[in-house]
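Visitor: In this note's numbering, the protein residues as written are 1 to 284. Don't be surprised by glycine CBs; every beta carbon is placed ideally from N, CA and C. Submitted below is the structure of interest, expressed as structure tokens.
Right, dumping it as structure tokens:
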């Protein structure tokens with residue numbers, strides 16, 4: 001399957017910035033900044049965790065709503081393995097599980113993404129249910145925001161409005177670089193469900209491109225933080241330093257085995273702010 005042009009997708013039209021905002025963003029670019037450390041973060045399992053009986057409930061409900069509304073199938077995402085995948089690829093996997101052809105699913109992806117986004121946004125008052133911020137995340141984001149040459153963003157398989165809604169609901173949205181940017185499931189879907197890291201690598205590249213638009217002419221030192229082997233593979237493929245964190249379903253040993261000899265650092269978690277800053281080359 002070929003890449004769906006982003007500008008032709010319903011989800012893109014749903015969440016894109018108006019031209020006036022884009023112009024405002026460009027006018028905010030600090031021309032004096034010649035070097036920027038770009039730190040992108042995965043969301044689920046990296047910054048936040050699913051907890052309790054309602055674990056990540058609204059996101060899962062949004063999937064179920066789209067499956068029913070768009071494909072007429074009453075199902076949920078847990079019928080397939082989905083850790084480290086992306087929202088569009090999960091949609092494809094679940095529908096293939098129920099006997100649909102990939103081409104059929106791909107044709108309806110924009111409609112399904114919009115259904116998910118609409119459901120999530122209209123119920124965003126409950127977005128924090130079954131979610132909590134992982135240890136050290138707030139302190140780290142505060143420290144990074146204080147640094148004048150650091151840009152922080154999300155690189156996640158979440159659809160963009162869903163990713164940022166989670167950050168808002170948990171009270172950490174304002175700790176990311178403004179204007180908010182990143183790489184998301186809404187930016188790219190190859191249809192390759194067997195190698196989801198390839199889509200994630202594209203997200204890493206998209207985030208870097210957006211960062212360069214905000215800081216024109218700046219040299220970027222890029223780091224991507226994630227909790228799955230797919231995050232590490234994506235970062236390596238996209239030319240960023242991979243920082244693996246064993247805060248999800250994968251162990252430290254599993255993460256360390258992903259790309260031996262490559263530009264990869266694996267930490268137990270993000271709780272030790274000083275240790276993370278040292279990896280980023282920002283220790284005082």
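Give me, in chain order, the residues of the same chain whose beta-carbon lies closer than 6 angstroms to that of residue 150; leave out the 5 immediate sequence neighbours on both sides.
Guide: As a position in the chain shown, residue 150 is number 150, starting the count at 1. Result list for residue 150: 37 and 144, in chain order.
Visitor: Nearest-angstrom Cα distance between residue 261 and residue 225?
Guide: Locating residue 261 in the chain shown gives position 261, where the first residue counts as 1. Locating residue 225 in the chain shown gives position 225, where the first residue counts as 1. C-alpha separation (whole angstroms): 18 angstroms.
Visitor: Rounded to whole angstroms, what's the CA-CA distance from residue 176 to residue 283? Just pull it up for me.
Guide: One-based indexing of the chain shown puts residue 176 at position 176. One-based indexing of the chain shown puts residue 283 at position 283. Their backbone Cα atoms lie some 19 angstroms apart in a straight line.
Visitor: Take the Cβ of residue 278 as the centre, count every other Cβ of all protein chains shown within 10 Å, and call the residue buried at 16 or more, exposed below.
Guide: Taking the first residue of the chain shown as 1, we reach residue 278 at position 278. The residue is exposed, with fewer than 16 neighbouring Cβ atoms inside 10 Å.
Visitor: In chain order, which continuous runs of the beta strand (DSSP E) of length 3 or greater are located wholly inside the stretch 189 to 270?
Guide: If we require 3 residues or more, the beta strand (DSSP E) runs fully inside the stretch 189 to 270 come out as 219 to 226, 241 to 245 and 264 to 267.
Visitor: Along the chain, where does the alpha helix (DSSP H) containing residue 139 start, and where does it finish?
Guide: Translated into the one-based positions of the chain shown, residue 139 becomes position 139. Element bounds for residue 139: 137 to 146.
Visitor: Are the CB atoms of residue 345 and residue 159 nearer to each other than 8 angstroms?
Guide: This structure does not reach residue 345, given that the chain is present from 1 up to 284, and the question cannot be answered.
Visitor: State yes or no: is the C-beta of residue 191 within less than 8 angstroms of the C-beta of residue 155?
Guide: If you number the chain shown from 1, residue 191 lands on position 191. If you number the chain shown from 1, residue 155 lands on position 155. No.
Visitor: Identify every residue that forms a DSSP beta bridge with residue 49.
Guide: Mapped onto the chain shown, residue 49 falls at position 49. 132.
Visitor: Going by Cα to Cα distance, which pick from 68, 90, 99 and 79 is closest to residue 115?
Guide: Numbered from its first residue, the chain shown carries residue 115 at position 115. Closest by alpha carbon: 68.
Visitor: Residue range of the beta strand (DSSP E) that residue 41 falls in?
Guide: In the chain shown, counting from the first residue as 1, residue 41 sits at position 41. Element bounds for residue 41: 35 to 41.
Visitor: So does the stretch 43 to 50 actually touch the stretch 120 to 127, counting three or more Cβ pairs closer than 8 angstroms?
Guide: The stretch 43 to 50 is not in contact with the stretch 120 to 127.
Visitor: What are the boundary residues of the alpha helix (DSSP H) that residue 112 is part of?
Guide: Taking the chain shown and counting its residues from 1, one reaches residue 112 at position 112. 102 to 122 is the extent of the alpha helix (DSSP H) around residue 112.
Visitor: Using only CA atoms, which one of 94, 124, 137 and 58 lies nearest to residue 273?
Guide: Here residue 273 refers to the residue found at position 273 of the chain shown. Closest by alpha carbon: 137.
Visitor: Can you list, in chain order, the residues of its chain whose CB lies under 6 angstroms from that of residue 93, leaving out five sequence neighbours each side?
Guide: Position 93 of the chain shown holds residue 93. Excluding positions up to five away in sequence, the list reads 80 and 193.
Visitor: Just to confirm my understanding: we take residue 266, look at its own chain, exclude 5 residues before and 5 after, and list those with CB closer than 6 angstroms. What are they?
Guide: Taking the chain shown and counting its residues from 1, the one referred to as residue 266 is at position 266. Counting only Cβ-Cβ distances below 6 angstroms, and skipping sequence neighbours, we find 244, 252, 255 and 256.
Visitor: Determine the direct distance from the alpha carbon of residue 275 to that of residue 107, and round the result to whole angstroms.
Guide: Position 107 of the chain shown, counting from 1, holds the residue named residue 107. Position 275 of the chain shown, counting from 1, holds the residue named residue 275. If I take the Cα positions, the gap works out to 45 angstroms.
Visitor: What's the call for residue 165, buried or exposed, on a 16-neighbour Cβ count within 10 Å?
Guide: Counting from one through the chain shown, the residue named residue 165 turns up at place 165. When all chains shown are included, residue 165 counts as buried.
Visitor: Are the beta-carbon atoms belonging to residue 270 and residue 134 less than 8 angstroms from one another?
Guide: On the chain shown, residue 270 is found 270 positions in, with the first residue counted as 1. On the chain shown, residue 134 is found 134 positions in, with the first residue counted as 1. Contact: yes.
Visitor: If you count every other CB in all the chains shown that lies within 10 Å of the CB of residue 285, and 16 or more means buried, which is it?
Guide: Outside the shown range of the chain, which is 1 to 284, sits residue 285, and nothing can be said about it.
Visitor: Run the proximity test for residue 176: is its beta-carbon closer than 7 angstroms to any non-hydrogen atom belonging to the ligand MN?
Guide: As for the ligand MN, it is missing from this structure, which has no ligand bound.
Visitor: Would you list the one or two residues that DSSP bridges to residue 154?
Guide: Position 154 of the chain shown holds residue 154. Residue 154 pairs with 41 and 182.
Visitor: Give the straight-line distance between the Cα atoms of residue 74 and residue 99, rounded to the nearest whole angstrom.
Guide: By 1-based counting over the chain shown, the position of residue 74 is 74. By 1-based counting over the chain shown, the position of residue 99 is 99. Roughly 13 angstroms between the two C-alpha positions.
Visitor: Mind checking residue 249: buried by the 16 CB within 10 Å criterion, or exposed?
Guide: What you label residue 249 is simply residue 249 of the chain shown in a count that begins at 1. Exposed, because fewer than 16 other Cβ atoms sit within 10 Å of the Cβ of residue 249.
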